[in-house]
Amino acid sequence: FDIDTGTSQGADNGPSYSISLGALASGTLTTSDQSSINSIFIDLDTNASTGAIVTVMGSNTGLYSTATNTTITLGSNEETIALGEQKIGICVESVTATTGTLAVGTQYDADAANCEADNSGGDQKVGKILTTATPIFNSSSAPIEAGRGEVLVKASITSSTPAANDYSNTLTFIATGSY
166 FDIDTGTSQG
176 ADNGPSYSIS
186 LGALASGTLT
196 TSDQSSINSI
206 FIDLDTNAST
216 GAIVTVMGSN
226 TGLYSTATNT
236 TITLGSNEET
246 IALGEQKIGI
256 CVESVTATTG
266 TLAVGTQYDA
276 DAANCEADNS
286 GGDQKVGKIL
296 TTATPIFNSS
306 SAPIEAGRGE
316 VLVKASITSS
326 TPAANDYSNT
336 LTFIATGSY
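Per my numbering, the sequence shown starts with residue 166, numbered consecutively.
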């Protein structure tokens, strides 16, 4: 199990992992873009007879500002984000594996047309960041070799979203083998 952040599939780095969305602007959809905003890459290998699962949880249910006591979040566990809405979420854009299958948890499984780094498909489907461990990847109850998934972060605000420079969230990913 390994976590990387970067703008390309070949990203391979160590801590500290960070994704800066920069200054969010009303009327735009900011996303991990394989250019200037990092994606999260999860690598998974296991010889466990019934595979492994990776969960994700946040310190908040979205981007939280202590200065304004505001959270940018989703209303339900999975939604689309359109331009000019106050929302944030994550989705899995791609998965690969040399041996076995890396499957995506239902909440974060946006089809390829709805989780794009360039937002060319219009509204983007994302899953809510929860404060409880939520499955994001699994190896389909079997061993896996060189599994890799790309997680995109997507956010949008409205003109009435309180301005602050301290919006943040800490995501924790946990891999658990199943024997």
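Beta carbons are placed, not taken as given, at the ideal position from N, Cα and C, and that holds for glycine.
Option nearest residue i by Cα separation, candidates the options
| i | options | result |
| --- | --- | --- |
| Ala-217 | Phe-166, Asp-331, Thr-238 and Asp-274 | Phe-166 |
| Ala-176 | Ser-185, Gly-270, Phe-206 and Thr-193 | Phe-206 |
| Val-316 | Thr-215, Ser-191, Val-221 and Tyr-229 | Val-221 |
| Val-219 | Ser-304, Asn-225, Gly-192 and Ala-311 | Ser-304 |
| Ser-191 | Ala-340, Tyr-229 and Lys-252 | Lys-252 |
| Phe-338 | Tyr-344, Asn-242, Ile-255 and Asn-279 | Ile-255 |
| Ser-204 | Thr-266, Gln-174 and Thr-193 | Gln-174 |
| Phe-302 | Thr-193, Ala-232, Ser-200 and Ser-259 | Ser-259 |
| Asn-225 | Ala-340, Asn-334, Thr-341 and Ser-343 | Asn-334 |
| Pro-300 | Asn-279, Thr-341, Asp-288 and Ile-322 | Thr-341 |
Residue i versus residue j: straight-line alpha-carbon distance, rounded
| i | j | result |
| --- | --- | --- |
| Phe-210 | Thr-195 | For clarity, residue 210 is Asp in the given sequence; the question names Phe instead. Cα to Cα, the separation comes out at about 31 Å. |
| Ala-213 | Asn-330 | 44 Å |
| Ala-275 | Ala-298 | 19 Å |
| Ser-324 | Pro-180 | 34 Å |
| Pro-327 | Gly-249 | 14 Å |
| Leu-189 | Lys-319 | 11 Å |
| Ala-247 | Gly-314 | 24 Å |
| Ile-184 | Gly-240 | 23 Å |
| Gly-227 | Asn-178 | 25 Å |
| Ile-131 | Thr-264 | This structure cannot settle anything about residue 131, because the visible part of the chain is limited to 166 through 344. |
| Asp-307 | Ala-262 | It should be pointed out that residue 307 corresponds to Ala in this sequence rather than to Asp. Whole-angstrom Cα-Cα distance: 12 Å. |
| Ile-168 | Thr-236 | 26 Å |
| Ile-202 | Thr-170 | 10 Å |
| Asn-242 | Ala-282 | 21 Å |
| Val-257 | Thr-266 | 15 Å |
| Glu-244 | Ile-322 | 15 Å |
| Ala-232 | Tyr-273 | 30 Å |
| Leu-336 | Asn-279 | 22 Å |
Proximity of residue i and residue j at Cβ, strictly below 9 Å
| i | j | result |
| --- | --- | --- |
| Lys-290 | Thr-238 | no |
| Tyr-182 | Tyr-332 | no |
| Asp-198 | Gly-312 | no |
| Ser-343 | Thr-215 | yes |
Beta-carbon separation (whole angstroms), residue i vs residue j, contact threshold 8 Å
| i | j | result |
| --- | --- | --- |
| Thr-271 | Gly-223 | About 18 Å separates the two Cβ atoms, so there is no contact after all. |
6 Å CB neighbourhood of residue i in its chain, flanking five on each side removed
| i | result |
| --- | --- |
| Leu-186 | Thr-195 and Ala-320 |
| Asp-288 | Thr-245 and Ala-247 |
Own chain partners of residue i with C-beta closer than 7 Å, once the 5 adjacent residues on each side are dropped
| i | result |
| --- | --- |
| Ser-200 | Thr-172 |
Cβ-based neighbour list, residue i, same chain, cut-off 8 Å, excluding 5 preceding and 5 following
| i | result |
| --- | --- |
| Ala-268 | Val-260, Phe-302, Asn-303, Ser-304 and Ser-305 |
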